[in-house]
Each structure stands twice: as structure tokens, then as C-alpha cells.
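Input: a single structure, listed below in C-alpha cells.
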Amino acid sequence: MANALDPHAAIATTAGGLTDGALRTADGRPLVRALARSQALARRRAFLLVLPLLAFVLITFVIPIGQMLQRSFYNDGFSDHMPQLSQWFAENPRGAEPDEAAWTALATDLQASAEARTIGIVGTRINYDVPGTRSLFTSTGRQVRRGIEPPYQAALMEINEDWGDPRLWSAMREASNPVTGNFYLAAVDRKRGEDGSIQQVEERQQVYVMLFMRTFWLSLLITFITFVLGFPIAHLLATLPMRKSNLLMILVLLPFWTSLLVRTTSWMVLLQQQGVINDILVWLGVIGGGGRLQMIYNQTGTIIAMTHILLPFMILPLYSVMRTINPSYVRAARSLGATSWTAFRRVYFPQTLPGLGAGALLVFILAVGYYITPALVGGSSGQLISNMIAMHMTDTLNWSMAAALAALLLGAVLLLYWVYDRMVGIDNLKLG
Amino acid sequence: MLDDRHGDAFVAFEHVQKSYDGQTLVVKDLNLSIGKGEFLTMLGPSGSGKTTCLMMLAGFETATHGEIKLAGRPINQVPPHKRGIGMVFQNYALFPHMTVGENLSFPLEVRGMAKAERESRIARALDMVQMGKFASRRPAQLSGGQQQRIALARALVFDPELVLMDEPLGALDKQLREHMQFEIKHLHERLGITVVYVTHDQGEALTMSDRVAVFNDGRIQQLAPPADLYERPDNSFVAQFIGENNKLPGTIEELSGDKALVRLKTGELIDATPVNVTAKGQQTLVSIRPERVEFKPEMMPPGAHMIGAEVCDVIYMGDILRARLKVAGSGDFVMKMRNTIGQTRLEPGQQIRIGWHPADARALDPV
């Protein structure tokens, strides 16, 4: 080692004269550490470059979503403003009849809360579980502010008899603990009975499970339809001469460039009962004038419109994969004795799988979370779970419920992603 | 250009024409018969129509006009998978999602062969190309040369009588290419298959083929064994496309049987063998191979003409010395001398006289 003493020869090539057997640089430092140091600067610079994006994602994405998800299991709307009653619930086991101490705690808390003008928050929280109770809280709060005398049970019952409802007490007990799984129970059409057991809600209130099923089923169906429609187009795009394929590509991308309102309005014009398609079918005599098809404001409308808007997400990954498949593969298969169908099935199609996987995953995940199209053309039978989330966000203002539904949706999608990874392998994915 | 083997031709192109756009012909009236067991190379620059001919034979292109016959049977209407022709592609076209074994199994499976039979054939084909241990590998895990061998094995595994090869060695480095040339030639001889080989590499064509068809401009310019092609080119294109070649333009001064006297522009007279010149006074291009040029009078046949030349430079190339000469006013005349112990070393600027055996200079059509 002629240059062992040369200070510029930072890394020695042999581990001569060492006791621990680790490779060392010429000046005796461990090679691993020297390597880490030599790369540290580059790594720091790279980190600084991505820092703005990291901060942006953190502030606008991770933190808000984390907070939202937190609401799905943490709601202190009741426990925060009704401390004494919450204390009583904590000390007395489930099933204990509310004694005068409980009523006292309730009256004191109501009074304090009414003074602090937080009674609405408390009412809203209980209203999630027992509909119609918000006004009970607010009206009682108004009267309690004017003063209330013991015995409190009689006084409160006098203000409103509903205070004796065991359902109400059960709901208040549940709400007294800020950490709760009740929103998740509600999101799968379950609730806690008065004895704390988990039971199904009444049949006419069971909506969420059905909506989840419908959302996944429709998303699967839409994914399948985009595959059936998109595969030949992607193939055409990949094999046509450049000029023609560019023109076709513009047509494929057209839905992206069209305003949502214009697109939806055109669907309405086309699909409604007095619309173009029905008119043509009647004119052709395929259907009678009385039997006009209902193709919008129901599931059919949701399926058609969502397929249309999601089609490019299937076509583009497929196209980018197909373009890289050399035509000589199919030719080779044909020359080896395969019919064109066998050549397609055994040689061409398997090579498109990375694109198909990416497209299917993309379309499915987008479809599962789709909101605006079903809201506009879905009617009642075409509503998906996202529409329910939106309703809880904007109409009922039950954000915890919305968060629980969203969390379930997110969990389901992640689960599917995991299954996909196990079955196909995520590195087999080609998004473009 | 039909040759004497036409009667029992295994593959025959009869008046085949091909046009892609209806405006121009890519293949113009092609007639070619290939004998059973022959190794025929289609050689030509890109765009000469050689690959189109191969694709028509394989069934991926249809002839616009004319007939292609395989074993006496017209195959214009036969789809590619029923032709039973093995093919090796330029990029090998090994199916990337299958292992080597599955790739070889594919042609046997589509033929409905039983598993045991398939396995023994695959093993035999892999042994044939010395790749027996690689059956479970994926094509991406193999080197270019190994992929080449697998492509060869796959084209041969179902025992086709005819194998087409479309520039199969184009992607390999020189050494590997030469080795594979030898192996392909060896396989051809051992299996007795008919091979139609497309290449633009003349060295490849000369070393491997029984006969070479030189393509240019949609036509076969010459169809001949390699030695004939090199030593007796039919026209200027072939003379220039195959090997290094000196060309001297001039006019026919005298024409008598197999001898011609050509007067160069500078007034000097040279000997040549007339090939496609017919009359005195015709313009011609005389072609002489650099290694057939002599500058020592004692090596010349008696009575041969010699002309003056000036040595421009001499390049030492190891086995030979390559001298660039100024002859008849133009400085691109090349002479090759064997690097023997007694070889005269020429110096730049030296004036010499050069000549050649009349049989080595061919008076061809002017281009």
C-alpha cells in the first residue's frame, strides 16, 4: 500500500493490521463512519430541498387528517362542560339508578353550562345518540339560569319529563367519557343498549353498512367497466401511428378538461327521461313512450357518470405499459404456433398486468371516495358513503360520525392495498 | 434469377411484390428459391427490403402480389401460427414474464404436447445451446449472449424445418458475435435445418452462408455463394457493398471476349474483365480488391498494364500494411500488403507503378 500515508487516499482498500476486523480508512477511522460522514452533507442538502414540501404536507394534510380522525374516537363536548355529572358516572357503575346526588350534579352542571353558554355544545353531543334532545338541553338551560331549587330530580322533571328517560341517561353515561368507540359502532349500524351491550339499530335506521357495501360494490363494478372499455382503447393508443393516437388521446383526456357542471349537465340532457337517449330509443321503437328508462338520479346515473370520469385513470397507466410492450413478443408467440387469442392471453395480457393493476387500484380508490358525481346524478339509490360523510360534515354537524365513517373507509382502502400488495406486489405497479 | 434448384425448392418466392402505402414498392418482383437444408442469408442495407421478405415468409406481412411457397405449398393464406416456422428475433423477444423453461415450453404447449415429452424436449434444446442449468431463470437475469442462446433454443425446440433469423446477433459484442456465428453454423449443419438469415453485416453473411442474396432497392442484386460474391461481383453495388473495393471510372477502349482495355480519365490504360459492359466506348467502373493490387513487376502476368501511383500514407495494421495511393488523379485508392519479413516498406511521397491480374479487375456498370 504505497499511498497509505497519503492524506488524500481517504479509503484504504484492505483491512490490514486491525484487531476488530472492521474495514478502516487509511488514517484508521472505521470505514462505515467515514462513509456516513462523506455522505452526510449530500443527505442534509437533499433534506433541505424537500423540507418545504414536507412542511406543506404536514400542515395541510397530515395534521388536519390526524385531527379529524381523532374526533372519531375523542369527543369532549359533554365531559368538558358537565364535569360533576361525568364524575358521578365515573363513580357509579352502569345500571345504577340516578340518585339525588346525580340529579344535583346534573342541575349544577346545567346551570354552570347555561351561564357559560356552552349548553348547546352539550346538547349537540347527546343529540347524536338520542335525536331531539338538543332542544331539551337548551330550553332547560334557559329555565335553570333563572334559578333552580332542590330537590333537583323533581324540579328538572317538572321542567321536562324527558329528563327521566333512561335512554337519555344511558347516552349521557356514554358521553361522559371523552374517549369512545360509539361513533364507530354507529358507523356499522350498531349502538350500545341501556345495559351497555352492543346491539343492532332498528332496521329502518340501518344505512351505513348497506352504503359501505354499495360503495364497494359500485366501485368494483365501475373498475371492471373502465377495464372493459379502457383496455381496447389503450391498446389502440399504443399501436396507432403517433398522429392518430395523439388525437385519440385528446378525446380520452377530454373529461379532465371539461367543467364538472358542463359534464354533469350533458349527462342530464342525455340520460333524463325526456332526454336524447330515451327519445332515440322511443323513435327507434325499442321502448314504448310509456316505458322510458330511468337512467339518471339513480344508481345507473352514478355508474355511467363515474365510469366516464374515471376512464382516463384506467387508460393512462394501461397505455404507458402497453407502449413499452414490443410487438415482437406477440409475433414471436404467433411464430411459435399460438393463435392470436392464445398469444394475447398468454403473452400480451400478462405483460399489461402492471398497468392494469395500477389503473384498477387508482380507479377503485378514487371511486370509493367519490362524492360530487353521485351527489349530482345519483338520486337516492346512487348515493355513496362519501355523500353520507359530507352530510354529517355539513348538515348534521356530527363531525365525529363523519370522521368515524371516513376512518373506516380509509381502513378498508388500506386493507385492500395491503391485500393487493400481497397478491400482486406493489413494485409491480406502473402508474405512468 | 431462379436457380437450378427451383425444381425441389423448399422455400420459393415467385414474382413477389410488396407495397405498404400503395405508392412505392418495397420489394420489386422477387424470385428466390431456397433449397432444403440451405443456409441462405439476405444481406443488404437498411430499407433494402430484406426484412420485409423475411416477415412475408414468417406470415407477419402479406405479399401484395406473387406467391410464396413452403415445401411446394402456397402459404400466402396460411396464418403465421400454422406455418411451423421457427423464428429468432432481433431483440430475442423472450417472454419476460416466463422463465426460460416456460418460454421453451410455450411452443410445445400450444401444440398440445404431453408434459413428459415437453420436458425431455426442453432439456434437449437447452443442452443443445449449453444452457441446461438455466431453465428456471427469467430472461432478465441472463446476459445478452445467454438470451440469444435461449431464443435460438426456443425457435428450435419444436423441430421446425425452417428457421428464420432477423439480425439475431446485432446486439452482441464482436467477440460474442463471432462465437455465436460459429455456433449457429454448427447447429445448422448438425440439425440439417433450412435457415434464412437476415443481416446487414457482410462479414456475418460471408462466414455463415451457403448462399447470400444481396438486396438493394427492393431487388436481389446478386445471389451467389460468398466466394463468388466477393471475387466476382455482378455489379457495382455488390462490389462496393461487400468488402473493401477500389473503383476506377473510365471508358472501354478495347473489348475482346473475356478481356477489356479501359482508358482512365487521365489517359492511362488498364486491364479488366468485362462483366456488364457490352461495347467499345461505354462508360464503366472498374473494381479491384485492395489485396489484389501488386506493385512489384515480377508478380505481374506478362503483358499486363501498369499505371503510376503516388503513395499518400501507409497504415500499419498488424497483419497487413494498408497503403493509400493517388491513382488517376484521385487519392482514395487502397492497396493492402501482407506484413511479411521481406515486405518492401513504402514511404509517403514515393512514386510506384501498380498493376493487377486482369481477372481481378472487373469492368462493371457505371454508377
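From first to last, the protein sequence lines stand for chains A and B. The first sequence lines up with residues 1 to 432 when you count with this note's numbering. The second sequence lines up with residues 1001 to 1367 when you count with this note's numbering. All residues carry an ideal CB built from backbone N, CA and C; glycine is no exception. Values in this document were obtained by computation on a predicted structure and should not be read as measured data.
Between which residues of its own chain and A/Leu156 is the CB-CB distance below 6 Å, once the five residues before and five after are set aside? What you label residue 156 of chain A is simply residue 156 of the first sequence in a count that begins at 1. Once the five neighbours on either side are set aside, the close Cβ partners of A/Leu156 are Trp163.
List the residues of chain A that B/Pro1080 touches, going by C-beta distances under 8 Å, in chain order. Counting from 1 along the second sequence, the entry for residue 1080 of chain B is found at position 80. Near B/Pro1080 (Cβ distances below 8 Å), the residues of chain A are Arg331, Arg334, Ser335.
Could you please give the first and the last residue of the uninterrupted alpha helix (DSSP H) stretch that includes B/Gln1148? Here residue 1148 of chain B refers to the residue found at position 148 when the second sequence is read from its first residue. Run containing B/Gln1148: 1144-1156, per the alpha helix (DSSP H) assignment.
Can the beta-carbon of A/Leu284 be found less than 8 Å from the beta-carbon of A/Val276? Here residue 284 of chain A refers to the residue found at position 284 of the first sequence. Here residue 276 of chain A refers to the residue found at position 276 of the first sequence. It is not a contact, given that the beta carbons lie outside the stated cut-off.
Other residues of its chain near B/Val1311: CB distance less than 7 Å, five sequence neighbours each side excluded: By 1-based counting over the second sequence, the position of residue 1311 of chain B is 311. The answer, listed in chain order, is Ala1323, Leu1325, Leu1346, Glu1347, Pro1348, Gly1349, Gln1350, Ile1352.
If contact means a Cβ-Cβ distance below 9 Å, which residues of the stretch 344-365 of chain A contact chain B? Those would be Arg346, Val347, Pro350, Gln351, Leu353, in chain order.
Out of B/Asn1091, B/Pro1226, B/Leu1126, B/Ala1239, which one is the CA nearest neighbour of B/Leu1169? Reading the second sequence from its first residue, position 169 is the one you call residue 1169 of chain B. Distance from the Cα of B/Leu1169 is smallest, within the candidate group B/Asn1091, B/Pro1226, B/Leu1126, B/Ala1239, for B/Asn1091.
Against chain B, with Cβ distances strictly below 8 Å, would A/Thr239 count as a contact? Residue mapping note: residue 239 of chain A aligns to position 239 of the first sequence, counting from 1. A/Thr239 does not count as touching chain B.
Look at B/Leu1264 and B/Ala1328 and say whether their C-beta atoms are less than 8 Å apart. On the second sequence, position 264 is the one that residue 1264 of chain B refers to. On the second sequence, position 328 is the one that residue 1328 of chain B refers to. Yes.
Sub-8 Å separation of B/Cys1053 and B/Val1011 beta-carbons: In the second sequence, the residue the question calls residue 1053 of chain B occupies position 53. In the second sequence, the residue the question calls residue 1011 of chain B occupies position 11. No.
Since B/His1097 meets chain A, which of its residues come closer than 7 Å, beta carbon to beta carbon? For the purposes of this step, residue 1097 of chain B is identified with residue 97 of the second sequence, where counting begins at 1. Contact of B/His1097 with chain A by beta-carbon distance below 7 Å involves Pro350, Gln351.
Residue interval of the alpha helix (DSSP H) (run including A/Gly141): As a first step, residue 141 of chain A is located in the first sequence; it is residue number 141 there, counting from the start. Where A/Gly141 is concerned, the enclosing alpha helix (DSSP H) stretches over 134-145.
Taking the C-alpha atoms as reference points, what is the distance between B/Asp1201 and A/Leu248? The residue given as residue 1201 of chain B occupies position 201 in the second sequence. The residue given as residue 248 of chain A occupies position 248 in the first sequence. A direct Cα-Cα distance of roughly 40 Å separates B/Asp1201 from A/Leu248.
Please report the residue range of the beta strand (DSSP E) in which A/Val209 lies. On the first sequence, residue 209 of chain A is found 209 positions in, with the first residue counted as 1. Where A/Val209 is concerned, there is no enclosing beta strand (DSSP E), although the alpha helix (DSSP H) it sits in stretches over 208-239.
Excluding sequence positions up to five away, which residues of its chain have a Cβ less than 8 Å from the Cβ of B/Val1014? By one-based count along the second sequence, residue 1014 of chain B stands at place 14. Contrary to the premise, residue 1014 of chain B reads as Glu rather than Val in this sequence. Within the same chain, Asn1031, Gly1066, Glu1067, Ile1068, Lys1069 come within 8 Å of B/Glu1014 by CB-CB distance, once the 5 residues on both sides are set aside.
Does chain B have any CB closer than 8 Å to the CB of A/Ser328? Position 328 of the first sequence, counted from the start, is the residue given in the question as residue 328 of chain A. So, interface residue.
Looking at the structure shown, is B/Phe1237 part of a helix, part of a strand, or coil, going by DSSP? As a first step, residue 1237 of chain B must be located in the second sequence, where it is residue number 237. Three-state result, B/Phe1237: helix.
For a cutoff of 8 Å on Cβ pairs, would you count A/Ala338 as touching chain B? The residue you call residue 338 of chain A lines up with position 338 of the first sequence. Cβ-Cβ to chain B under 8 Å: yes for A/Ala338.
Which of the three DSSP states, helix, strand or coil, is assigned to B/His1015? In the second sequence, residue 1015 of chain B corresponds to position 15, counting from 1. B/His1015 falls in the strand class under three-state DSSP.
Mark B/Lys1050 as exposed unless 16 or more other C-beta atoms lie within 10 angstroms of its C-beta, in which case mark it buried. Position 50 of the second sequence, counting from 1, holds the residue named residue 1050 of chain B. By the 10 Å Cβ count, B/Lys1050 comes out buried.
CA nearest to the CA of B/Glu1291, picked from B/Asn1276, B/Asp1319, B/Met1098: As a position in the second sequence, residue 1291 of chain B is number 291, starting the count at 1. Between B/Glu1291 and the set B/Asn1276, B/Asp1319, B/Met1098, the nearest pair of CA atoms involves B/Asp1319.
Tell me the rounded alpha-carbon separation between B/Val969 and A/Thr339. Since the first and last residues shown for chain B are 1001 and 1367, residue 969 of chain B lies out of range.
Exposed or buried, what is A/Leu253 when buried is set at 16 or more other beta-carbons lying within 10 Å of its beta-carbon? Residue numbering aside, residue 253 of chain A sits at position 253 when the first sequence is read from its first letter. Flag for A/Leu253 reads exposed.
Rounded to whole angstroms, what is the Cα-Cα separation between A/Ser86 and A/Thr180? Taking the first sequence and counting its residues from 1, the one referred to as residue 86 of chain A is at position 86. Taking the first sequence and counting its residues from 1, the one referred to as residue 180 of chain A is at position 180. So the alpha carbons of these two residues sit roughly 14 Å apart.
From the beta carbon of B/Ala1135, is the nearest beta carbon of chain A less than 8 Å away? Numbered from its first residue, the second sequence carries residue 1135 of chain B at position 135. No, because no Cβ of chain A sits closer than 8 Å to the Cβ of B/Ala1135.
If the criterion is Cβ atoms closer than 8 Å, does the pair B/Met1042 and B/Phe1215 meet it? Along the second sequence, read from residue 1 onward, the residue named residue 1042 of chain B stands at position 42. Along the second sequence, read from residue 1 onward, the residue named residue 1215 of chain B stands at position 215. Yes, the Cβ-Cβ distance between B/Met1042 and B/Phe1215 is below 8 Å.
Please list the segments of the beta strand (DSSP E) lying wholly inside the stretch 1161-1234 of chain B, counting only runs of 3 or more residues, in order along the chain. Listed in chain order, the complete beta strand (DSSP E) runs (minimum 3 residues) inside the stretch 1161-1234 of chain B are 1162-1166, 1194-1199, 1211-1216, 1219-1224.
Contact check, B/Asp1217 vs B/Ser1048 under 8 Å by CB: the rounded distance? Position 217 of the second sequence holds residue 1217 of chain B. Position 48 of the second sequence holds residue 1048 of chain B. Yes, B/Asp1217 and B/Ser1048 are in contact; Cβ-Cβ is about 7 Å, under 8 Å.
By alpha-carbon positions, which one of A/Tyr152, A/Leu376, A/Ala34 ends up nearest to A/Asn298? Here the question's residue 298 of chain A lines up with position 298 in the first sequence. Closest by alpha carbon: A/Leu376.
Apart from the five residues just before and just after A/Ile126, which ones in its own chain have a Cβ nearer than 8 Å to its Cβ? As a working mapping, residue 126 of chain A is identified with position 126 in the first sequence. Cβ contact annotation for A/Ile126 (same chain, cutoff 8 Å, sequence separation greater than five): Phe78, Thr133, Arg134, Phe137, Leu168, Ala171, Met172, Ala175, in chain order.
Around the Cβ of B/Lys1174, are there at least 16 other Cβ atoms within 10 angstroms (buried) or fewer (exposed)? Within the second sequence, numbered from 1, the residue matching residue 1174 of chain B stands at position 174. Residue burial is scored here from C-beta neighbours: B/Lys1174 has fewer than 16 other C-beta atoms within 10 angstroms and is therefore classed as exposed.
From the beta carbon of B/Met1165, is the nearest beta carbon of chain A less than 8 Å away? Working through the second sequence from its first residue, we reach residue 1165 of chain B at position 165. The beta carbon of B/Met1165 sits no closer than 8 Å to any beta carbon of chain A.
What are the boundary residues of the beta strand (DSSP E) that includes B/Thr1284? Position 284 of the second sequence, counted from the start, is the residue given in the question as residue 1284 of chain B. Counted as a single uninterrupted DSSP element, the beta strand (DSSP E) harbouring B/Thr1284 occupies residues 1283-1288.
For B/Pro1045, does the count of other Cβ atoms within 10 angstroms reach 16, so buried, or fall short, so exposed? Within the second sequence, residue 1045 of chain B is the residue found at index 45, counting from 1. By the C-beta density criterion, B/Pro1045 is exposed, having fewer than 16 other C-beta atoms within 10 angstroms.
Determine, using beta carbons only, whether B/Ile1193 and B/Val1163 come nearer to each other than 8 Å. What you label residue 1193 of chain B is simply residue 193 of the second sequence in a count that begins at 1. What you label residue 1163 of chain B is simply residue 163 of the second sequence in a count that begins at 1. Yes, the Cβ-Cβ distance between B/Ile1193 and B/Val1163 is below 8 Å.
Short of 6 Å in beta carbon distance, which residues of its chain neighbour A/Arg145, apart from the five on each side in sequence? Order them along the chain. By one-based count along the first sequence, residue 145 of chain A stands at place 145. Around A/Arg145: Ala114.
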